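Worksheet: the structure to be examined is printed underneath.
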Amino acid sequence: MIRSKKTMRGFAALAGMAVLSLTAACGGGDDTGSDDSGDSGSAASELCGKNLAFLGALTGDAGALGQNMVGGIKLALQEHNDENADCQIELKEFDSQGSPDKAPALATQIINDDTIFGLIGPGFSGESLATGKTFFEAGLPSISPSATNVTITQQGWTTWHRVIGNDDAQGTADAKYLTDTAGATKVFVVDDGQDYSKGLAGTVKEALGSAMIDEDQISVGDTNMSAVVQAVKSSGADAVFYGGYYTEAGLLAKQLRQGGFTGTFMSGDGSQDPNFVKVAGAQAANDAVLSAPAGPAPADFAASGLYATQAYDATNIFLAAIEDGASDGESINEFIGSYSGDGVSGPISFDENGDIEESKIYAYFVKDGTMDVDNPEVIE
Amino acid sequence: MDFGALFGSLDNFLSFTMGGLVFGAVYALIALGYTMVYGVLQLINFAHSEVFMYGTFAVAWMFIFLHGTESVTWSLGKAAPILVAALVGAMLLSAAIALLLERFAYRPLIRKGAPKLIALISAIGASFALAEAMGLRDRFADKLGLSDNLENYVAPGKARDVFSNPVTIQPKGLFEVGGYTVSDVDLVILAACFIMMIALDTFVRRTRFGRGIRAVAQDPETAALMGVNSGRVVQVTFLIGGLMAGAAATLYMMKIGSTRQNAGFILGVKAFTAAVMGGIGNLRGALVGGLLLGVMENWGSAVFGSEWKDVVAFVLLVLILLVRPSGILGESLGKARA
Amino acid sequence: MSAMSTTLSGIGRRWDGVVDRYNALPKPARLGLVILFAAFVYLLPLLRPPILTTNNIDFGGVMFSVAAFALVAVGLNIVIGYAGLLDLGYVGFYAVGAYTTGVLTTYHWHWPFFLALPLAIAVTMVTGVILGAPTLRVRGDYLAIVTLGFGEIIRITVKNVEWVGASAGIKDISHPNTIGAAPNPPFDRGGMFDVPRLQWDGIIPSLDRDHPTAVLAFGAVDAIPYYWVILTALILVLVGDRLVKSSRVGRAWEATREDEDAAELMGVPTFKYKLMAFALGAAIGGLSGAFYASGQGGYISPDSFPLLLSMLFVAAVIVGGSGNRWGAIVGGALVAYLPERFREFADYRLLFFGLALSVLAIWRPEGLLPPRRSRRAKAVEAEIEALEEGALEGSTHA
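Protein chains in written order, with my numbering: chain A, 1496 to 1875; chain B, 59 to 396; chain C, -19 to 378.
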């Protein structure tokens, strides 16, 4: 250990010398941060012409979700740019393919890009955990439209916010819906083993207590659910809760119904997508309950898909910060921390951890072969 | 561990087994593609999973073409005419993809006498490219100015997302065995699998061309000297693999109903496992391996929980190979006489 | 089509010529070239040469993954290239190394990184022996699917075992200790001194003092110090690889690969040597995994180790030239670098990557940098063929 450290130090000196002789210059000095902190008095226009960044999956298996978010962001920016011809804000997109491995290098690129003053994202929990420290150390404020893992906001990263209720809030509400509203007494809980899904399903299990009779776990990409279907049937469950995304949720709902299951089928926001109904088929999807920490988008909302409203709201918070006169990372971050307003996804304000303060959980229903996105029920 | 979940009641046991058999039949049909190519060329045709994936899309497209996009639920009988058309479409498309693979990813390498491993890389590359091309079909349609005409087929902006057959086929219970209801869909899948297996087996065993395939599998050089056109044999091998993958795709879509551009990968790995389990290069081995893998996955799910089912499958594979180093029924297409 | 392939093979021949000329140089000149080249490689992320530098993703971070991939490829080259064993589950060892590091430095204990590193290597090596012992009795292509299975078993196991974080993975993994002043985030990165990097306006370089790298500060905002450490590890491994390859062990591997039965008859305990190759390869994979775990992101989860990564590792070795350590490095570098360099093609980059793999395979079946023995063999073959052609002149040659 000691020896290796010594070697390292020797090597470092060597490398350093090589650099010095080659570039004939010495960095030194204290100007480390990448954000040049200008005078906050010189009005909002300082950020005009600069960019917001989006970090999330745009291609790859989860690319569709990222595209939804970009749709929401672009809508907000377009509205802003149309109204403020003298203050154009553009979007720089960084495609992580949803992978925590690619995200850190992209995060470094973002913090070294002096034209970027804020981040919408990261899209998923994994990449948030892999990059949170980078953004925090560089002092770049971020608002995620979709990363719901509970632990992200417990890391002490004060620049990190989200405009979506975390998995705890949703899981508790879902369990309540199942027992109180749907009247289930024997709930079978299934998840797909991903971090998001396990977190959500875990909270549901905990909140259900003795009303949970059994559990199982499939994996992403599975299509043969016959084993789970049989386990559900032989357990005599009167409700199934699934934590995961719409593809597997649809397949599970379909095969459960075909296998003769007649109880309640419920899932979370990951499944609240029109494709759930397409995968399950109209008949099997009927009466499914899908919860989401977001109300219905207004009728004239021009972007579509899961998380588009949250992305739209997140962008508008940054734009409001500009209008308010914030000019650097610190003042934007302060503005976000004290922000309070009504977005298209619901009322928004943040607690000291960066979690959204009030998150209403809505239950959406599938009726007559379509998901009724306009008339959800608030789970109290 | 919960053996009671599996063996607790006959109904349970049969359900787990039957569900496994049905999926195993799909594995078996895909495994044929791996086994045929391996038998003749001793190459792992890594891109065969994409041949299957294109077939699944062909099925969904055929339903959209002949029925429309309205989401409906039909019985098997009502869907049968379109299903037959879809079967033809899927077999044609899959076979075409398989032949393209042979022509562009393999033939140049075989002709150069390149090492086997490099063919694997070529196949991995082709597999990536094919899956990505399917995921980018909306862009291609856009470039060609066909976005509006093909909207329902290419799903603009959502080409990478799951793609579903608008017609859901509702299985109907036919008869009961020990409390378990056998459905018409399951029965058709199993029967189709067996019929195609027997037909293929007969083809390889009885026909002149089949003899050519066996000859090349046993000794390509001697076969060539005896006047067998080995290039043609290789083509036909790929063609058969493609046709079977197309059939598997139709059965799969009948049961599952949805696909996506990366749907081939996992099934491909499973089918390849099945082929090795049964004895790669052996047609009947593919059937045995496929069915066994399907059943063991479901049994494993019942006993250990679904999260461990792949572990159960792979551990079983290792055990089988330790006891029988060349698979359950042994290797060699050439020796597949019985 | 044929014109293109002629140009391609022309490039190939010219490249072989470069390799031959290098090999013909006297030893001191070769050493000098190597040192110059090494210095250039170390400074690459600071020099940021145009064209080579990635535009839409941090170049330092990309160079770190390039080095990590190269290290993995060198390890896998021992298994595939030297011993001739097709391992499709190599990502499993990468995962074992990463998880051992995560558990030792963060999740259960708080060892310093450089103390955990040797143990991570040891644990991975033992895993290699445990998995290899039953697996290596299976021959040839069966080995591919069995190793693939083991890779999946490792991934599924870590996904479901709470002791290693299950599906949530391990987050905030401790970085190696910063050498120099201790960092004090968010604004003070610590380290001994700062080094500026270059920025280029076309072909005119200038100093960019706004984005310096702190030497040797291991924080979350800069990947370059991590790059330097993993590059050093790569160089050490290369030296070791050279020693082993030219030893008795290396010859035993060669004999086993070319003809296992003959080797066994000549008294080479082939199983023992195969197991050794498997374990050594595993150890290097584990080493790379350890650096990955404690790298800039400091986050690992089961999803970081998909089956597909194994395929990419194998592709790296074979594209580079199975059996040649430099080939493996080039292959590893390309597989990690190309998709990032061509990010502006966004959606199309994986399509092009797949096509590029196929084209490369067909264009140079023996890899970009084939090992010396196959180039020798090829030359001999060409000679024989020329003789045969001469003898058969006039008659139709099939």
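Where a beta carbon is used, it is the ideal one built from N, C-alpha and C, also for glycine. Since we're looking at a predicted model, the values are computed, not measured.
- Taking all protein chains shown into account, B:K328 has 16 or more neighbouring C-beta atoms within 10 Å of its C-beta and is therefore buried.
- Straight-line measurement puts the Cα of A:K1728 at about 8 angstroms from the Cα of A:G1755.
- Of all residues in the region 87 to 109 of chain B, none has a C-beta nearer than 9 angstroms to a C-beta of chain A.
- Non-local beta-carbon contacts of C:E320 in its own chain, meaning distances under 7 angstroms to residues more than five positions away in sequence, involve T34, I37, V42 in chain order.
- Residue contact check for C:M291 against chain B: a CB pair falls below 7 angstroms.
- About 6 angstroms separates the CB atoms of B:L79 and B:L349; that is less than 8 angstroms, so the two are in contact.
- Under the 7 angstroms criterion on CB atoms, C:A148 is classed as interfacial with respect to chain A.
- With respect to the 7 angstroms criterion, B:M255 and B:L351 are not classified as neighbours on the basis of their beta carbons.
- In this structure, A:D1596 keeps its C-beta atom at 7 angstroms or more from the C-beta atom of C:S290.
- Proximity of C:K151 to chain A, defined by a Cβ-Cβ separation below 7 angstroms, is satisfied.
- One Cα belongs to C:L340, the other to B:I176, and the distance between them is close to 10 angstroms.
- Counting only the Cα atoms, B:V274 lies some 46 angstroms from B:G215.
- The three-state secondary structure of B:T317, taken from DSSP, is strand.
- Contact note: A:N1770 reaches chain B through D219, V220, using a C-beta cutoff of 7 angstroms and chain order.
- The count of Cβ pairs closer than 8 angstroms, one atom from the region 1758 to 1778 of chain A and one from the region 1714 to 1722 of chain A, stays below three, leaving the stretches out of contact.
- Taking a cut-off of 8 angstroms for Cβ pairs, the region 144 to 153 of chain B and the region 289 to 304 of chain B touch, as three or more such pairs fall below it.
- For the 7 angstroms CB-CB criterion, A:G1618 and A:G1660 do not form a contact.
- Annotation for C:E320: the continuous alpha helix (DSSP H) segment containing it runs 305 to 321.
- Distance from the CA atom of C:P350 to the CA atom of C:S226, rounded to whole angstroms, is 17 angstroms.
- Comparing alpha carbon positions, the residue from C:A161, C:P176, C:L178, C:A296 closest to C:G170 is C:A161.
- At a Cβ-Cβ threshold of 7 angstroms, A:P1640 and A:A1821 do not count as neighbours.
- For the pair A:D1709 and A:F1736, the CB atoms are not nearer than the 7 angstroms cut-off.
- Contact annotation: in the region 1660 to 1693 of chain A, residues whose CB is within less than 7 angstroms of a CB in chain C are G1688, Q1689, D1690, K1693.
- Shown here for C:P30: same chain residues with a beta carbon closer than 6 angstroms to its own, the five before and five after excluded, namely W180 in chain order.
- Within its own chain, the residues whose Cβ lies closer than 7 angstroms to the Cβ of C:D188, once the five positions on either side in sequence are excluded, are P176, R177, L178, Q179, listed in chain order.
- Judged by beta-carbon spacing, B:F362 lies beyond the 7 angstroms limit of B:L157, meaning their Cβ atoms are not closer than that value.
- By alpha-carbon distance to A:D1823, the top candidate from A:E1585, A:G1558, A:I1611, A:A1557 is A:I1611.
- Between the alpha carbons of B:T260 and B:G336 lies a distance of about 19 angstroms.
- At a cut-off of 7 angstroms between beta carbons, A:T1648 makes no contact with chain C.
- Going by beta carbons, A:D1808 and A:G1832 fall outside the 7 angstroms limit.
- From the listed residues A:D1609, A:A1677, A:T1674, A:D1663, the smallest Cα separation to A:K1693 is found for A:D1663.
- Per DSSP, the continuous beta strand (DSSP E) segment holding C:P185 begins and ends at 184 to 195.
- Under DSSP, B:Q228 forms a beta bridge with B:S133.
- About 6 angstroms separates the beta carbons of B:G91 and B:V109, which is inside the 8 angstroms limit, making them a contact pair.
- Residue pairing by DSSP places C:W89 in no beta bridge whatsoever.
- By the Cβ neighbour-count rule, C:D174 is buried, with 16 or more other Cβ atoms within 10 Å of its own.
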